[in-house]
Amino acid sequence: MTFGKNKSKIRKRKYVKTATRSKIVYFKTPKKLYSCISCGSKLQAVSFVPGIAKNQKRPNRPFGGTLCYNCVRDSFKAKARSI
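Numbering-wise (my numbering), the sequence shown opens with residue 384 and increments by one.
(1) For CYS422, does the count of other Cβ atoms within 10 angstroms reach 16, so buried, or fall short, so exposed?
(2) Mind checking whether GLY448 and TYR417 have CB atoms under 8 Å apart?
(3) Can you list, in chain order, the residues of its chain with a C-beta nearer than 6 Å to that of SER430? Leave out the 5 residues immediately preceding and following it.
(4) Which residue or residues does DSSP assign as beta-bridge partners of TYR409?
(5) Rounded to whole angstroms, how far is the Cβ of VAL455 from the Cβ of PRO445, which I believe are closer than 8 Å?
Shown next, in the form of structure tokens:
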């Protein structure tokens, strides 16, 4: 019987043939780099370092961690021009 943490589809599965039988090996999926929602470029300031505070993992500004700097600047310009 597998452990509960392996039953969900979060972990990748790989079938490995051994000398006596084939068995399933579970391993964690590698983390993807975060990308900008609108243009798709990689976000520079977001890190995956464990054990640090949430505000140190992403920039503390509006749309920090979701939009790149250029897209944030363009959205602010568009909002200011519409007013």
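The beta carbon of each residue, even a glycine, is placed where N, CA and C say it ideally should be.
Short version:
(1) exposed
(2) yes
(3) LYS440
(4) ARG396
(5) 7 Å
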